[in-house]
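Down below is the structure, laid out as structure tokens.
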Amino acid sequence: MSQPFDTGLGLTLVLPDGAQAIEVSSAGPASRQFSLVRGEVISVVRDDGAALEFPDLLAWAQGMAQHYVQDFDAVEEAQGTISSDGKQSYAYAVTFKDANGVPRRATLIATLLAGGLFAGITLLAINAGQGLDTELVQELVDGLARSAG
Numbered sequence: 002m003s004q005p006f007d008t009g010l011g012l013t014l015v016l017p018d019g020a021q022a023i024e025v026s027s028a029g030p031a032s033r034q035f036s037l038v039r040g041e042v043i044s045v046v047r048d049d050g051a052a053l054e055f056p057d058l059l060a061w062a063q064g065m066a067q068h069y070v071q072d073f074d075a076v077e078e079a080q081g082t083i084s085s086d087g088k089q090s091y092a093y094a095v096t097f098k099d100a101n102g103v104p105r106r107a108t109l110i111a112t113l114l115a116g117g118l119f120a121g122i123t124l125l126a127i128n129a130g131q132g133l134d135t136e137l138v139q140e141l142v143d144g145l146a147r148s149a150g
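For any residue, its number in the numbering used here is found by taking its place in the sequence shown, counting from 1, and adding 1.
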């Protein structure tokens with residue numbers, strides 16, 4: 002099961018049951034964060050000027066991944082396009098150890114919705130040796146939509 006959340010950014014995001022909104026986002030302005038039952042943190046940012054076409058999505062995802070490469074010596078795990086009706090999307094996943102030595106995975110997902118609406122999603126998870134949860138990444142892209150009203 003899953004439930005929709007209004008991000009307050011003109012977007013809704015469908016997340017797995019048990020997800021909770023984090024009251025104060027640490028992801029900066031025009032962002033919203035959520036926690037999932039398994040401990041993942043999802044950050045959503047809206048910046049319509051960040052991407053106007055597919056190459057911009059690639060640049061955004063790679064640029065965001067560079068933060069983890071530079072600051073945490075992250076290594077690339079996977080990258081590629083994500084197919085979803087009415088959206089263009091690209092994801093880039095990196096693995097690293099955080100400042101406390103905890104193994105982590107960051108998946109940066111750049112999505113362009115119809116009408117030029119851009120959303121960047123960061124999925125931050127513990128990396129306990131399991132593979133990238135591509136089903137969750139697909140669900141995040143599929144569940145992202147412009148808010149009604």
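Even for Gly, the Cβ is constructed at its ideal location relative to N, Cα and C.
Model, not experiment: these values are computed from the prediction.
For this session: Can you tell me which of 16, 48, 95, 68 puts its alpha carbon nearest to the alpha carbon of residue 79?
Result: 95
Problem set entry | Residues of its chain near residue 133, where Cβ-Cβ distance is below 8 Å and the 5 sequence neighbours each way are ignored | 78, 79, 94, 106, 108
For this session: Specify, as a first and last residue, the run of the beta strand (DSSP E) that residue 7 falls within.
Result: Residue 7 -> beta strand (DSSP E) spans 3 to 7.
Exercise. How many Å lie between residue 124 and residue 55 at the Cα?
Worked result: 20 Å
For this session: Rounded to whole angstroms, what's the CA-CA distance from residue 121 to residue 39? Just pull it up for me.
Result: 21 Å
Exercise. Does the pairing of the region 16 to 32 with the region 55 to 71 give three or more beta-carbon distances under 8 Å?
Worked result: no
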